[in-house]
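Here's the structure we're looking at; comments come further down.
Residue numbers (the working numbering), protein chains in the order written: chain B, 1 to 217; chain X, 1001 to 1222; chain U, 2001 to 2268.
This is the structure:
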């Protein structure tokens, strides 16, 4: 079976800087893969390339069977990306944000409400504007919006950042469930102890390339 | 595509309703400029009366710049633009949604402005079919071109200060045509008025078509 | 690709020997030198024919001589903006630097020629109307369009990555050219209501003999000048893009070398 993520000598340029300088990576369906590496290693760029947001300058890149070199916009609807930004409209309420983002991908708004429950976002927060929430609460709402899309590939950029212990547990639980249900997860994290417990496999990225691969503990 | 555009437009109007930036900032600004013109041009000598149509549309253009800026500032906040690209909504749908929301906001602004002008400049809106036709066509054109320039200015570092320089010269024919159309409508100028409305209509159609086509590259690549 | 010469050594003048490397030290070539010589000789001929040999016009008098420059500069400017638009479309389609830089270079020279057009239009106005500026349709249109393209050039000055700059300016290059006929129509109609005397009357004075020759000579000379400037401007722009544009393979090797040192702090 074709791997969900297949990169060969993939190069991605941020203007003239090769943020990814020839990445080789294969991720199979249902795998949970941790991407670790120092700041500036290219982790965020790697995730954005897989989401179809950044062009691949050279090399091979296929995600979910889509050739990213030619048709990268076709993959976007099928992946879920959790980034450093919240991807939320600050002046809209939590519920309005969820409704908009689920409708925009053609999902049901019920999925959005269900996802908010899964992330333990209290119902009293639903009608508050996002700008009134704390950073951790926003993070949960962003995560809910991503889960509600029912993505085939989860791309998580430091999913644990800014969350309390309960929040981290919830997210780890969701990642496990997603993988069990056949989704694939690629995530970057600096919380190595926690992350390696969740991941099936760890890859180390540095200098815009994959340095080492190894099974997780 | 209609569904996507309606979703975007609904979201924009809701966002405006929640934040009230247009109502509490742009609208008062527009009325303020109407008053400032009265201070600058002596109201007793009939200068204001003669200049009303032109002043009306100049105020609309300035306010439109602010409205467009606001409309795309919300898309620039906190990664929302990336999120929009990830939805798979067609860029043309996003564009038409933004335009529709801008049109609604500008029409409200123009209605308030018309009232302000009627009160402060003592303008009677005769020939209203032409006045209404000109207003709709001009507003479509302003929103159509404005949405494209708003989107591209949002991608540039000092885009907000550059937006007026980019947008206003492009809208010069709209200003000319809408002002002449109003003059004819008010009966202050002889000659047929509908050709002006037609020219505005052509402007609107041309820029809406171009915008729908050019929004893909504007939204797509980084 | 090897870059031997920093673009600081680029000389936008013809008449220098060609460089040896793939990126020459200057922007001249045999073809541009010929073009340059032709436009300079043509310019001298135009001055001689336009200012001395051709007779004054029966209606316009001596001011007809401005026309030998005015019409060519405005024609070259419009040609420049059409080139910008076509190159912009090609850029959005092909995504190659060539089209982006061609669009930008052409717009810059178009603005220069538009500036000249307004300048000589104002000179004509001073002589004919006694004032530098009147809201004459052609001058008005030119002024509005000049501002449109100043915006285009301003966008290119903003530091941003090359793809963003290329996309944004291509969109403006296309939007702006479509506005040319619409602006023309609106302004003509508007000033037509006022029955103003347009610049050069009918713009089509009954020219014959040496007058007609001078008019066509002007057109040819300014088109040559335009082509010459455009080629050089494009080459300068091309060289400027090469600054700090190290070989991609080298950049990738350097980037991968960071991986050897743990904790390299390059922003990503």
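Idealized CB from N, CA, C, for every residue including glycine.
For residue i, which of the options has the nearest alpha-carbon?
{"i": "residue 1164/X", "options": "1177/X, 1150/X, 1175/X", "result": "1150/X"}
{"i": "residue 2080/U", "options": "2114/U, 2239/U, 2096/U, 2071/U", "result": "2114/U"}
{"i": "residue 88/B", "options": "30/B, 190/B, 8/B, 140/B", "result": "140/B"}
{"i": "residue 1209/X", "options": "1099/X, 1160/X, 1127/X", "result": "1099/X"}
{"i": "residue 160/B", "options": "24/B, 151/B, 101/B, 174/B", "result": "174/B"}
{"i": "residue 1097/X", "options": "1078/X, 1127/X, 1014/X", "result": "1014/X"}
{"i": "residue 1176/X", "options": "2077/U, 2187/U, 2249/U", "result": "2187/U"}
{"i": "residue 116/B", "options": "132/B, 194/B, 206/B, 143/B", "result": "143/B"}
{"i": "residue 2270/U", "options": "2144/U, 2037/U, 2054/U", "result": "Residue 2270/U lies beyond the stretch modelled for chain U, which goes from 2001 to 2268, so this question has no answer here."}
{"i": "residue 1103/X", "options": "1216/X, 1006/X, 1217/X", "result": "1006/X"}
{"i": "residue 1170/X", "options": "2247/U, 2181/U, 2166/U", "result": "2181/U"}
{"i": "residue 151/B", "options": "6/B, 76/B, 16/B", "result": "76/B"}
{"i": "residue 2145/U", "options": "2208/U, 2074/U, 2192/U, 2049/U", "result": "2074/U"}
{"i": "residue 2138/U", "options": "2185/U, 2036/U, 2102/U", "result": "2185/U"}
{"i": "residue 2163/U", "options": "2121/U, 2122/U, 2097/U, 2240/U", "result": "2097/U"}
{"i": "residue 33/B", "options": "20/B, 169/B, 80/B, 155/B", "result": "155/B"}
{"i": "residue 1054/X", "options": "1142/X, 1217/X, 1178/X", "result": "1178/X"}
{"i": "residue 167/B", "options": "202/B, 122/B, 72/B, 47/B", "result": "122/B"}
{"i": "residue 1127/X", "options": "1060/X, 1186/X, 1058/X, 1199/X", "result": "1186/X"}
Taking Cβ positions only, does residue i come closer than 8 Å to chain B?
{"i": "residue 1213/X", "result": "no"}
{"i": "residue 2158/U", "result": "no"}
{"i": "residue 2166/U", "result": "no"}
{"i": "residue 2245/U", "result": "yes"}
{"i": "residue 2011/U", "result": "Residue placement at residue 2011/U is poorly supported in this model, since its pLDDT is 41, which falls under 50; the coordinates are not used for a value here."}
{"i": "residue 1088/X", "result": "yes"}
{"i": "residue 1070/X", "result": "no"}
{"i": "residue 2085/U", "result": "no"}
Compare the C-beta of residue i with all C-beta atoms of chain X and state if any pair is closer than 8 Å.
{"i": "residue 2177/U", "result": "no"}
{"i": "residue 137/B", "result": "no"}
{"i": "residue 105/B", "result": "yes"}
{"i": "residue 2235/U", "result": "no"}
{"i": "residue 2028/U", "result": "no"}
{"i": "residue 218/B", "result": "Because chain B here runs from 1 to 217, residue 218/B falls outside it and cannot be looked at."}
{"i": "residue 2076/U", "result": "no"}
{"i": "residue 92/B", "result": "yes"}
{"i": "residue 87/B", "result": "yes"}
{"i": "residue 4/B", "result": "no"}
{"i": "residue 2155/U", "result": "yes"}
I'd like to confirm something about residue i: is its beta-carbon nearer than 7 Å to some heavy atom of the ligand ATP, or not?
{"i": "residue 1057/X", "result": "For the structure depicted, the ligand ATP is absent and the ligand set is empty, with no information on it obtainable."}
Between residue i and chain U, is the shortest Cβ-Cβ distance under 8 Å, so that the two count as touching?
{"i": "residue 207/B", "result": "yes"}
{"i": "residue 24/B", "result": "no"}
{"i": "residue 211/B", "result": "yes"}
{"i": "residue 21/B", "result": "yes"}
{"i": "residue 202/B", "result": "no"}
{"i": "residue 11/B", "result": "yes"}
{"i": "residue 1047/X", "result": "no"}
{"i": "residue 36/B", "result": "no"}
{"i": "residue 1062/X", "result": "no"}
With DSSP as the reference, please indicate the residues paired to residue i in a beta bridge.
{"i": "residue 154/B", "result": "80/B, 185/B"}
{"i": "residue 26/B", "result": "6/B"}
{"i": "residue 13/B", "result": "18/B"}
{"i": "residue 34/B", "result": "187/B, 202/B"}
{"i": "residue 2188/U", "result": "DSSP lists no partner for residue 2188/U."}
{"i": "residue 2061/U", "result": "2057/U"}
{"i": "residue 210/B", "result": "205/B"}
{"i": "residue 61/B", "result": "7/B"}
{"i": "residue 67/B", "result": "62/B"}
Roughly how far, in whole angstroms, is the beta-carbon of residue i from the beta-carbon of residue j, given that I think they are within contact range, below 8 Å?
{"i": "residue 1063/X", "j": "residue 1035/X", "result": "Not a contact, Cβ separation roughly 14 Å."}
{"i": "residue 104/B", "j": "residue 126/B", "result": "In fact, because the Cβ distance is near 19 Å, the residues do not count as touching under 8 Å."}
{"i": "residue 3/B", "j": "residue 28/B", "result": "5 Å"}
{"i": "residue 1085/X", "j": "residue 53/B", "result": "6 Å"}
{"i": "residue 2176/U", "j": "residue 2152/U", "result": "6 Å"}
{"i": "residue 2174/U", "j": "residue 2088/U", "result": "5 Å"}
{"i": "residue 2066/U", "j": "residue 2135/U", "result": "Not quite, the Cβ-Cβ distance comes to about 19 Å (not below 8 Å), so this is no contact."}
Q: Within the segment 74-145 of chain B, note down every full beta strand (DSSP E) run reaching 3 residues or more, in order along the chain.
A: 79-82
**Q.** Length at least 4, wholly inside the segment 2084-2160 of chain U: the alpha helix (DSSP H) runs in chain order
**A.** 2097-2128, 2137-2157
Q) Can you give, in chain order, each stretch of the alpha helix (DSSP H) that sits fully within the segment 1008-1043 of chain X and has at least 4 residues? A) 1027-1040
Q | Secondary structure, alpha helix (DSSP H): runs of 4+ residues fully inside the segment 1111-1195 of chain X | A | 1128-1154, 1159-1170, 1172-1185
Q: May I have a chain-ordered list of the alpha helix (DSSP H) segments no shorter than 4 residues that lie completely inside the segment 2204-2264 of chain U?
A: 2210-2242, 2248-2258
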